[in-house]
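Residue numbers (the working numbering): 927 to 1513. We put the CB at the ideal spot given by N, CA and C, even for glycine.
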Amino acid sequence: MNLYTHFGEQLTGVLEALREQGVLPLDADFSRITVEPPRDPSHGDIATNAAMVLAKMAKMPPRDLAKKITELLLQLDDVKKAEIAGPGFINISITALFWQKILIAAFDNEGLYGRSQLGQGQKINVEFVSANPTGPMHVGHVRGAVFGDALANLLDFTGFDVSREYYINDAGAQVDVLARSAYLRYLEALGEEIGDIPEGLYPGDYLKAVGADLAEKHGDEFKGQEESQWLETIRDFAIDAMMDQIRGDLKTLNITFDQFFSERSLKEGDVNMVAQSIEDLRDKGLIYEGTLPPPKGKLPDDWEDREQTLFRATDFGDDVDRALAKADGSHTYFASDIAYHRDKYMRGFTSMIDVLGADHSGYIKRMKAAVKALSDGEAELDVKICQLVKLLRGGKPVKMGKRLGTFITLREVVDEVGSDVVRFIMLYRKNDASLDFDFYKVQEQSKDNPVFYVQYAHARVHSVLYRKIPLEMPDLDIADIDPLSEDLSLLVDSGEVALVKRLAQYPRIIEQAAKAHEPHRVAFYLYELAADLHMQWSRGTEKPELRFISDGNKKVTGARAVLLLAIAKTLASGLGILGVHPIEEMR
RNA sequence: GGUCCCGUAGCUCAGUUGGAUAGAGCACCAGAUUCCUAAUCUGGGGGUCACUGGUUCGAAUCCAGUCGGGAUCACCA
């Protein structure tokens, strides 16, 4: 139950009544009305700007209109107070009974609290990671992987039909380089002296195993052969091996995909989908042969003013038209990507999200343009950019160099700090802001570390419910706690009320995070919920009567147990969206 | 030079898609532990929301421009 949409509906009922009375015109527009928590809690529980927004249409001063609205609001069962404030805000306080209803909703055993039908089962495609299959995943891929996975969780939680996809770039020049690199390792496995790996090939040790496997499978079949004899076989073998490795790497972060989509499959099926996509756009008059103006400023050294096949991206908001064919006649990466997104569209996805690294921000406009064009405006693409992660160790930057082979792999990061820590930290920042990841700080067990802080809150609750209550109040069986039979009106302390109110925010936060495609909002919410819990806990040290286990008072303890269970469930629910385990005890 | 992102407390960042007196953590200062984990909590100081205009009942938020930082800039992926 979302408190604000609930009262939004109630308010709409009131406004419709006023429209019937002729106070509001028949065509009154309610769309700009908001129903929100006021920033200052002393203003009540819910604030609406309805009177200010509608004042002009009603041709009366905001405060006068507010008076008419509040009179009707006060007749509603769940409204305790409705007051006019400032220029015409209406502040609503709701009844204690209604807060109890919310607590009961939050207690829900099926994990339904916070779920919504926002997505209405709409299909949505989330493409993320899509790292080149030329080596193990390195630390640069981690953020996008975690972000995409959490976003997919969030959308699933809010009623979308989500597909997680990984686009395998297995058609470009880079996989040929991979094949040549693997071929060298293959020769090495056959006992040849290969010396240093030449510049331009992949030097990593991870290809040694691929070479050995090739040698075992093919013997010396390819030894001394022309490249054309072995390239394809070895390339396919190496790509499969790399994808296995990548899948394994992602598994350490509990990330799986619904679909791995091969770029090559677009070109090698019965019909060349890339060519067909271009023809499709050509039929729409969006393709032409022409020349591009050279980029302003410094001219590239090898600039060549030639005619090329261009997509009219400028018709859809891009800055220049974009090339679809290279000088040698083959398709550009962009052309393949158009075909891929067209494939998504034809599979029924009118809503797509691409999660990309910061270095691809220049790619956004053309891809959005392409999706609009190929779907005749029916499909929507949102591109989420994940900014760089700065790796630190005790405040000092971790030095990495691909050439030196000192880049840090995803697996090394997860092995050192654990999946939960990696995931939470990566999500505790807005995706388009850069992020510091300090190996030492993220493992610190102190309140400076948000992962720990939230985990600790969950463990604390668990400790009271399942360790202390059985000891101190053995006749209260937590497993049998039923919010409907406990007297929730006993939760009157300000800290308890604050916790219930915080729980009430959860559905709204989830919905906003899902709409904005911003899972970090969930992480920040969990931090606040944890803070409220720790605060209430500490108040119990000063005032023993506020402790969750109320000495000898089974009724009060029972009511507080309902609150604690609701908190634990909400923490677990939110952490679940982030893909972080709610731990039950600290070690 | 074009485009995109960012600019909020000394530092790291939130800011409910336009609401009321702009928030949290760190750091700094002052406190709390015979107690369910003090692995925590309480209080305090600290701001020209980069700047200038505009839109309106109302702007950190939207628009235009300026300044500063980052990414990117035919054909690579």
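Practice prompt. Use the C-beta contact count for Ser1056: other C-beta atoms within 10 angstroms, 16 or more gives buried, fewer gives exposed.
Written response: The residue labelled residue 1056 in the question sits at position 130 within the first sequence. Answer is buried; the Cβ neighbour count reaches 16.
Fill in: Continuous alpha helix (DSSP H) stretch holding Gly1466: start and end
Here residue 1466 refers to the residue found at position 540 of the first sequence. From DSSP, the alpha helix (DSSP H) with Gly1466 extends over His1446 to Glu1468.
Worksheet item: Is Gly1085 near Gly1047, with beta carbons less than 8 angstroms apart?
Response: As a position in the first sequence, residue 1085 is number 159, starting the count at 1. As a position in the first sequence, residue 1047 is number 121, starting the count at 1. Yes. Within cutoff.
Worksheet item: Counting only runs that start and end within the stretch 957-1045, where is the alpha helix (DSSP H) found for 4 or more residues in a row?
Response: 976-984, 988-999 and 1022-1033
Worksheet item: So which of Met1293, Gly1121, Phe1275 and Leu1080 has the shortest CA-CA distance to Ile1264?
Response: If you number the first sequence from 1, residue 1264 lands on position 338. Comparing Cα positions, the closest option is Met1293.
Worksheet item: For the putative contact between Leu1077 and Pro1445, defined by C-beta atoms under 8 angstroms, what is the C-beta separation to the nearest angstrom?
Response: As a working mapping, residue 1077 is identified with position 151 in the first sequence. As a working mapping, residue 1445 is identified with position 519 in the first sequence. About 5 angstroms separates the beta carbons of Leu1077 and Pro1445, which is inside the 8 angstroms limit, making them a contact pair.
Worksheet entry | Nearest to Ile1020 (by Cα), restricted to the options Leu1318, Phe1450 and Tyr930 | Looking up residue 1020 in the first sequence gives position 94. Checked all of Leu1318, Phe1450 and Tyr930; the closest Cα to Ile1020 is Tyr930.
Worksheet entry | Check whether Asp1096 and Ile1165 have beta carbons under 8 angstroms apart | Position 170 of the first sequence, counting from 1, holds the residue named residue 1096. Position 239 of the first sequence, counting from 1, holds the residue named residue 1165. Contact flag set, yes.
Worksheet entry | Assigned secondary structure, Gln1381 (DSSP; H/G/I helix, E/B strand, else coil) | Residue mapping note: residue 1381 aligns to position 455 of the first sequence, counting from 1. In the three-state DSSP reduction, Gln1381 falls in the helix class (H, G or I).
Fill in: Sequence-distant residues of the same chain with beta carbon closer than 7 angstroms to Ala1492, five excluded per side
What you label residue 1492 is simply residue 566 of the first sequence in a count that begins at 1. Excluding residues within five positions, the ones whose Cβ falls inside 7 angstroms are Leu1029, Ala1032, Phe1033 and Leu1429.
Item to complete: State the Cα-Cα distance for the pair Ser1464 and Arg1349, rounded to the nearest angstrom.
Response: For the purposes of this step, residue 1464 is taken as residue 538 along the first sequence, with counting starting at 1. For the purposes of this step, residue 1349 is taken as residue 423 along the first sequence, with counting starting at 1. Roughly 29 angstroms separates the two Cα atoms.
Item to complete: Could you pull out every unbroken beta strand (DSSP E) segment of at least 3 residues lying fully inside the stretch 1284-1368, listed in chain order?
Response: 1306-1312, 1315-1319 and 1361-1364
Item to complete: Check Met927 in the structure and name its three-state DSSP category.
Response: Counting from one through the first sequence, the residue named residue 927 turns up at place 1. In this structure, Met927 counts as coil in the three-state DSSP scheme.
Discussion item. Using only the alpha-carbon positions, how far apart do Cys1312 and Asp1184 sit?
Written reply: Taking the first sequence and counting its residues from 1, one reaches residue 1312 at position 386. Taking the first sequence and counting its residues from 1, one reaches residue 1184 at position 258. The straight-line gap from Cα to Cα measures roughly 22 angstroms.
Discussion item. I need the boundaries of the alpha helix (DSSP H) containing Phe1083, first residue and last residue.
Written reply: Here the question's residue 1083 lines up with position 157 in the first sequence. Here the alpha helix (DSSP H) through Phe1083 covers Val1068 to Phe1083.
Worksheet item: Which whole-angstrom value describes the C-beta separation of Ala1296 and Phe1363, a residue pair presumed to lie in contact below a C-beta threshold of 8 angstroms?
Response: Mapped onto the first sequence, residue 1296 falls at position 370. Mapped onto the first sequence, residue 1363 falls at position 437. Actually they are not in contact, since the Cβ atoms of Ala1296 and Phe1363 sit about 34 angstroms apart, beyond 8 angstroms.
Practice prompt. Taking all protein chains shown into account, decide if Val1423 is buried (16 or more other Cβ within 10 angstroms of its Cβ) or exposed.
Written response: Translated into the one-based positions of the first sequence, residue 1423 becomes position 497. Label assigned to Val1423: exposed.
Item to complete: For the beta strand (DSSP E) containing Gly1137, list its first residue and its last residue.
Response: As a position in the first sequence, residue 1137 is number 211, starting the count at 1. Careful: Gly1137 lies outside any beta strand (DSSP E), inside the alpha helix (DSSP H) at Tyr1132 to His1144.
Practice prompt. Can you grab the Cα-Cα spacing for the pair Leu998 / Val940, in whole Å?
Written response: Residue numbering aside, residue 998 sits at position 72 when the first sequence is read from its first letter. Residue numbering aside, residue 940 sits at position 14 when the first sequence is read from its first letter. Those two C-alpha atoms are separated by around 6 angstroms.
Worksheet item: For the candidate residues Pro1124, Gln1001, His932 and Leu1113, whose alpha-carbon lies nearest to that of Thr960?
Response: Here residue 960 is taken as the residue at index 34 of the first sequence, counted from 1. When each option's Cα is compared against that of Thr960, the closest is His932.
Fill in: C-alpha gap between Leu1455 and Ala1494, whole angstroms
As a working mapping, residue 1455 is identified with position 529 in the first sequence. As a working mapping, residue 1494 is identified with position 568 in the first sequence. So the two alpha carbons sit approximately 10 angstroms from each other.
Fill in: Strand pairing of Ala1251, partner residues [DSSP]
Position 325 of the first sequence holds residue 1251. Per DSSP, His1257.
Discussion item. Would you call the stretch 1315-1328 in contact with the stretch 1063-1076, where contact means no fewer than 3 C-beta pairs closer than 8 angstroms?
Written reply: Touching, yes.
Fill in: DSSP-derived helix/strand/coil call for Ser1525
Look at the range of the chain in this structure, 927 to 1513, and you will see that residue 1525 is not part of it.
Worksheet item: For the stretch 946-960 against the stretch 972-989, are there 3 or more C-beta pairs whose distance is under 8 angstroms?
Response: yes
Worksheet entry | Rounded C-alpha distance that separates Ile1279 from Leu1176 | In the first sequence, the residue the question calls residue 1279 occupies position 353. In the first sequence, the residue the question calls residue 1176 occupies position 250. Their backbone Cα atoms lie some 19 angstroms apart in a straight line.
Fill in: Rounded straight-line distance, which links the Cα of Phe1365 to that of Gly1321
One-based indexing of the first sequence puts residue 1321 at position 395. One-based indexing of the first sequence puts residue 1365 at position 439. Whole-angstrom Cα-Cα distance: 9 angstroms.
Practice prompt. Over the uninterrupted alpha helix (DSSP H) stretch that includes Met1218, give me the two end residues.
Written response: For the purposes of this step, residue 1218 is identified with residue 292 of the first sequence, where counting begins at 1. The question names Met, yet the displayed sequence has Leu at residue 1218. Element bounds for Leu1218: n/a, residue is neither H nor E.
Worksheet item: Is Ser1262 near Leu1192, with beta carbons less than 8 angstroms apart?
Response: Translated into positions along the first sequence, residue 1262 becomes position 336. Translated into positions along the first sequence, residue 1192 becomes position 266. A contact, by the Cβ cut-off of 8 angstroms.
Discussion item. For Val1339, which residues in the same chain have their Cβ closer than 7 angstroms to its Cβ, ignoring the five residues on either side in sequence?
Written reply: Counted from its first residue, the first sequence places residue 1339 at position 413. Result list for Val1339: Val1065, Val1068 and Val1348, in chain order.
Worksheet entry | Whole-number beta carbon distance between Ala973 and Ile995, since they are thought to touch under 8 angstroms | Mapped onto the first sequence, residue 995 falls at position 69. Mapped onto the first sequence, residue 973 falls at position 47. About 13 angstroms; that fails the 8 angstroms criterion.
Discussion item. Tell me the residue span of the alpha helix (DSSP H) that contains Asp1209.
Written reply: In the first sequence, counting from the first residue as 1, residue 1209 sits at position 283. From DSSP, the alpha helix (DSSP H) with Asp1209 extends over Met1199 to Asp1209.
Discussion item. On the criterion of 16 or more Cβ atoms from any shown chain inside 10 Å, does Met1512 qualify as buried, or is it exposed?
Written reply: Working through the first sequence from its first residue, we reach residue 1512 at position 586. Taking all protein chains in view, the Cβ of Met1512 is surrounded by fewer than 16 other Cβ atoms within 10 Å, so the residue is classified as exposed.
Practice prompt. Tell me Val1088's beta-bridge partners as DSSP assigns them.
Written response: As a first step, residue 1088 is located in the first sequence; it is residue number 162 there, counting from the start. Ile1050, per the DSSP bridge assignment.
Item to complete: Round the Cβ separation of Leu1116 and Lys1149 to the nearest angstrom and send it over; I've been treating them as touching at under 8 angstroms.
Response: Here residue 1116 refers to the residue found at position 190 of the first sequence. Here residue 1149 refers to the residue found at position 223 of the first sequence. Separation of the CB atoms of Leu1116 and Lys1149 is rounded to 6 angstroms, and the pair is thereby assigned contact status at 8 angstroms.
Worksheet entry | As assigned by DSSP and simplified to three states, the class of Leu952 | On the first sequence, residue 952 is found 26 positions in, with the first residue counted as 1. Three-state DSSP puts Leu952 in coil, outside helix and strand.
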